[in-house]
Amino acid sequence: MRIGIEACTWANLRGYGRFTRELVSALVREFPEHEYTLVLDEATAAQGKFPEGVTIDAVATSEQQIQAASADGARRLPDLWRLGRSVARAKYDVFFFPTRYSYYPMTCRTPTVIAFHDATAERHPKLIFPNFRARQFWRIKSKLALWQADQLVTVSHDARKQIAEMFRIPANDIAVISEGPDPVFRELDDQEQELRIRKKLGLPIDTPLILYVGGISPHKNLDGLFRALVD
14 MRIGIEACTW
24 ANLRGYGRFT
34 RELVSALVRE
44 FPEHEYTLVL
54 DEATAAQGKF
64 PEGVTIDAVA
74 TSEQQIQAAS
84 ADGARRLPDL
94 WRLGRSVARA
104 KYDVFFFPTR
114 YSYYPMTCRT
124 PTVIAFHDAT
134 AERHPKLIFP
144 NFRARQFWRI
154 KSKLALWQAD
164 QLVTVSHDAR
174 KQIAEMFRIP
184 ANDIAVISEG
194 PDPVFRELDD
204 QEQELRIRKK
214 LGLPIDTPLI
224 LYVGGISPHK
234 NLDGLFRALV
244 D
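Here it is as structure tokens:
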């Protein structure tokens with residue numbers, strides 16, 4: 014099977030970028046019988062390190078798409094057209110958008126899978142977007158993605174519930190897929206190493222800890238995390 018994957022978020026060191034990199038790496042490792050092509054802008058292609066066995070389709074755009082797709086940015090129609098045209102010409106058996114954040118409309122009939130990671134932007138728009146214009150563009154893009162997707166996927170059962178309720182679609186129409194974590198993320202049972210790390214960082218020896226590795230944006234609700242830790 015020839016699988017095309019939208020990869021304009023590849024250079025993002027966290028969030029969607031990490032999700033895309035780890036998932037693609039896991040796919041190539043676990044299912045090498047398929048052909049994988051990453052479709053991305055030239056600027057991102059120049060920055061990335063890619064798994065062996067994937068093909069890179071670097072599309073010329075006026076700016077890096079991960080920046081243009083940000084909440085306070087605006088993607089240019091000619092760039093979206095170039096990306097969509099490249100997908101249409103390749104005639105993939107299936108095309109996958111790892112996130113609606115970097116989704117762009119396509120005119121081809123290629124079966125399309127789109128990942129909706131959550132409904133946070135719909136539930137808390139004022140915490141995500143800087144103005145009404147940005148909120149409207151996101152709303153339009155999301156509707157187009159829902160219309161074009163042959164299959165919606167998300168990363169957890171809770172996210173599926175949120176998305177189903179927000180967009181009024183059956184939860185059974187949304188598949189929950191496993192993320193592809195880096196092998197470094199694994200459970201360790203080494204008390205001596207834990208003790209050394211606590212001493213090195215000046216952390217209490219016998220006090221339970223919460224490790225948070227996400228962003229500090231308002232919608233992350235770090236206040237709630239701190240309250241939970243204190244309580």
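Using this note's numbering, the letters of the sequence shown correspond one by one to residues 14 to 244.
We put the CB at the ideal spot given by N, CA and C, even for glycine.
Residue 176 counts as buried, since no fewer than 16 other beta carbons sit within 10 angstroms of its beta carbon. With a 10 Å radius around the Cβ and a threshold of 16 neighbouring Cβ atoms, residue 43 comes out exposed. The residue from 198, 115, 170 and 133 with its alpha-carbon nearest to that of residue 157 is 115. DSSP places residue 141 in no beta strand (DSSP E) but in the uninterrupted alpha helix (DSSP H) bounded by 138-141. Looking at the DSSP output, residue 58 sits in no beta bridge, so it has no partner there.
In this structure, the alpha-carbon of residue 70 lies about 15 Å from that of residue 77.
Going by DSSP, residue 71 is part of the beta strand (DSSP E) stretching over 67-72.
Distance from the CA atom of residue 132 to the CA atom of residue 138, rounded to whole angstroms, is 10 Å. Annotation: the continuous alpha helix (DSSP H) that includes residue 37 extends over 29-43.
The C-beta distance from residue 19 to residue 110 rounds to 5 Å, short enough to fall under 8 Å. If you draw a straight line from the Cα of residue 17 to the Cα of residue 27, it comes to about 22 Å. DSSP, read as helix, strand or coil, puts residue 109 in strand.
Ranked by Cα distance from residue 219, the first of 130, 105, 208 and 40 is 208. Secondary structure note for residue 128: its beta strand (DSSP E) is the uninterrupted segment 125-128. A Cβ-Cβ distance of about 6 Å is found for the pair residue 100 and residue 52, placing them in contact under the 8 Å criterion. Taking all protein chains in view, the Cβ of residue 224 is surrounded by fewer than 16 other Cβ atoms within 10 Å, so the residue is classified as exposed.
Under the three-state reduction of DSSP, residue 49 is assigned to strand.
Using a Cβ distance threshold of 8 Å, residue 120 and residue 97 count as a contacting pair. Among the bridge pairs identified by DSSP, residue 189 is matched with 167. With fewer than 16 neighbouring CB atoms inside 10 Å of its own CB, residue 214 falls in the exposed class. For the 8 Å CB-CB criterion, residue 22 and residue 167 do not form a contact. Residues of the same chain with a CB within less than 8 Å of the CB of residue 136, apart from the 5 flanking positions on each side, are 175 and 179 in chain order.
Residue pairing by DSSP places residue 15 opposite 48 in a beta bridge.
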